[in-house]
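For reference, the structure is listed below as structure tokens.
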Amino acid sequence: MKKAHLTVQSNSEIADQIYKMVLKGELVRHFTEPGQFLHLKVSDAVTPLLRRPLSIADVDFAVNEVSVIYRTDGEGTRLLSEKKEGSMIDVLGPLGNGFPVRRIEPGKTALLVGGGVGVPPLQELSKRLTEKGVNVIHVLGFQSAKDVFYEQECLAYGDTYVATADGTYGEKGFVTDIIREKQLEFDVLLSCGPTPMLKALKQQYGHKEVYLSMEERMGCGIGACFACVCRTGESDTSYVKVCLDGPVFKAEEVAL
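According to the UniProt record's numbering, the sequence shown holds residues 1 to 256 in order.
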């Protein structure tokens, strides 16, 4: 983990209340593991006090740029959405443990499943896997057509299916419906999204190799505050810290 000030290259709305921010700086060369996250200080004022954790969506090492995606659902992310080109942001990162790209062999098929703001880290993951010779299939889930983003970015790396809960775009239903109806075959499943989606994937495909990226509220990002603990299932008193031990876990390692 390192701390640095990164420069805002762009910051724009790409879907309803969904923003993409591109940051530039030397710190980017350390972002080597898809699924890790950054902790951004959103203001120089006393409040909001806590940093905001954002997943790394895409990295361009040639120009030291990183993209992060966020939803404006509070004061902190509202302040982020107002950042202009040329602004400097205090960043901690990379934090956490990402997806195990090195464990997935060339020629295997990886099913990447994302829900809502859990979709962004799948882009860099997809890029790394295809560079390694892994076949990738994407299934993306959103509430409505106005919420859909990153479909074209995923299509650049492999087959991509989109589900919306209200049926206004793609297939009506949930990501699990698409996997079942399309009879998608895969060797390993990697997913990021809301807990109910991750729970459903674990229940239906837990017998296979499954990796889940947990979405939890984080205070410090370094394992000190215990705000993001998750039960392991070993006992009622056995926990892991999502920010430090995760956010990516093997499905059998966490209780959902």
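Where is the CB? At the ideal position from N, CA and C, for every residue including glycine.
Query: Three-state class that DSSP yields for Val254 in the structure shown; Result: coil
Query: Given 8 Å, three or more beta-carbon pairs between the segment 129–140 and the segment 66–79; Result: no
Query: The segment 178–197 touching the segment 108–115, judged by at least three CB pairs closer than 8 Å; Result: yes
Query: Run of the alpha helix (DSSP H) containing residue 289, from where it starts to where it stops; Result: Residue 289 falls outside the range modelled here, since the chain spans only 1 to 256, and no answer is possible.
Query: Top-ranked residue by Cα proximity to Thr160, from Ile69, Thr168, Val148; Result: Val148
Query: DSSP state of Lys84 mapped onto helix, strand, coil; Result: coil
Query: Three-way DSSP call (helix, strand, coil) for Leu140 in this model; Result: strand
Query: Buried versus exposed, by CB contacts within 10 Å (16 or more), Val46; Result: exposed
Query: Val240 to Asp44 span [Cα, whole Å]; Result: 31 Å
Query: Per-residue DSSP class, three states only, for Pro48; Result: coil
Query: Outcome for Leu190 when other beta-carbon atoms lying within 10 angstroms are tallied against a minimum of 16; Result: buried
Query: Run of the beta strand (DSSP E) containing Thr160, from where it starts to where it stops; Result: 159–164
Query: Test item: CB-CB of Val248 and Tyr211 under 7 Å; Result: yes
Query: Candidates Val8, Gln123, His30, of which the one nearest Phe61 by Cα; Result: His30
Query: Beta-carbon proximity list for Lys20, same chain, < 7 Å, skipping 5 on both sides; Result: Ser12, Ile14, Ser67, Ile69
Query: Integer-rounded CB distance, given that Gly93 should sit under 8 Å from His5; Result: At roughly 12 Å, the Cβ-Cβ gap does not stay under 8 Å, so His5 and Gly93 are not in contact.
Query: Selection from Gly173, Cys154, Gly206, Phe186 that minimises the alpha carbon distance to Glu105; Result: Phe186
Query: Cut-off 6 Å between Cβ atoms - residues of its own chain near Gly98, not counting five sequence neighbours on either side; Result: Glu33, Pro34, Gly35, Gln36, Val248
Query: DSSP state of Gly114 mapped onto helix, strand, coil; Result: strand
Query: C-alpha distance - Gly193 paired with Leu201, whole-angstrom precision; Result: 11 Å
Query: Short Cβ contact (7 Å threshold) for Glu153 with Val162; Result: no
Query: From Phe226, Gly206, Ala227, residue whose alpha carbon lies closest to that of Val254; Result: Gly206
Query: From Glu171, Val28, Leu244, Ser126, residue whose alpha carbon lies closest to that of Ala224; Result: Leu244
Query: CB of Val8 within 7 Å of CB of Lys83, strictly; Result: yes
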